[in-house]
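Residue numbers (our numbering): 357 to 535.
Ideal placement from N, C-alpha and C gives every residue a C-beta, glycine not left out.
Right, one structure below, let's go through it.
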C-alpha cells in the first residue's frame, strides 16, 4: 500500500509504517504487507500497481505544483519519485488514473477522467521513451473503442485490461442490446 503525507502509521498501526518482519507469515500463501512512504510532494495517491519488472510502484497522484492527477512511480522503498505523464498532452485537466502496465515495460494503459456507474471515462496508452524506469518523453495515445458510434452502445468503454500478448487491450461496453 502507498501512504502519502498525513497518513498515520502502517498496516499494523505502528508509527514506523511497517509490520514487524519477525511476525511476517511464512509458507506458500505468505503475504508481506508494508506501507510505502511517499514524498510529501505527492497528494491523493491511489491505484498502486507494480511495474512489470517489480522494481517500481506505479500509481495516480498529484505532484507538488501540479493541477492534474498524473501517473507517478517510485522505487519500492518510496524513493526516486518520477512523473511518467507530466508533459504528456491529455484532455484539459482530466486525471490519469488506474495505470495498468504492459509487459514490455514501456507502456501503461490509463483511464482518462473520472468514471461513475452512470458515466464512462476514456482510456489511453501512455507510451514512455525509453522505458517506465527511465521515462524521458511520454505520449498519450487514445484508445478508440469499436462501435463507439453505435446507437446500441450506452457506454463505449468501462474497464480496460491489457492482454498477455502486449498487443491487445480488452474493454467492456454497456449496450442496450447485443447486436
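The alpha helix (DSSP H) runs lying completely inside the segment 378–440 and spanning 4 residues or more number zero. Short of 7 Å from the beta carbon of residue 445, and not among the five residues preceding or following it, lie these beta carbons of its own chain, in chain order: 496. The segment 499–515 makes contact with the segment 468–476: 3 or more CB pairs, one atom from each, lie closer than 8 Å. Beyond the five residues adjoining it in sequence on each side, residue 417 comes within less than 6 Å, by CB distance, of 398, 400, 401, 428 in the same chain, given in chain order.
Relative to residue 441, the option among 408, 521, 493 whose CA is nearest is 493. When secondary structure is reduced to three states using DSSP, residue 478 falls in the strand class. Beta-bridge pairing by DSSP links residue 467 to 453, 479.
Per DSSP, the unbroken beta strand (DSSP E) holding residue 492 starts and ends at 491–498.
Closest in alpha carbon position to residue 393, among 432, 420, 385, 383, is 432. The three-state secondary structure of residue 488, taken from DSSP, is coil.
In this structure, DSSP gives residue 526 an extended state, which the three-state scheme calls strand. Distance between residue 453 and residue 434, taken at the CA atoms: about 19 Å. With fewer than 16 other CB atoms across the displayed protein chains lying within 10 angstroms of its CB, residue 523 is exposed.
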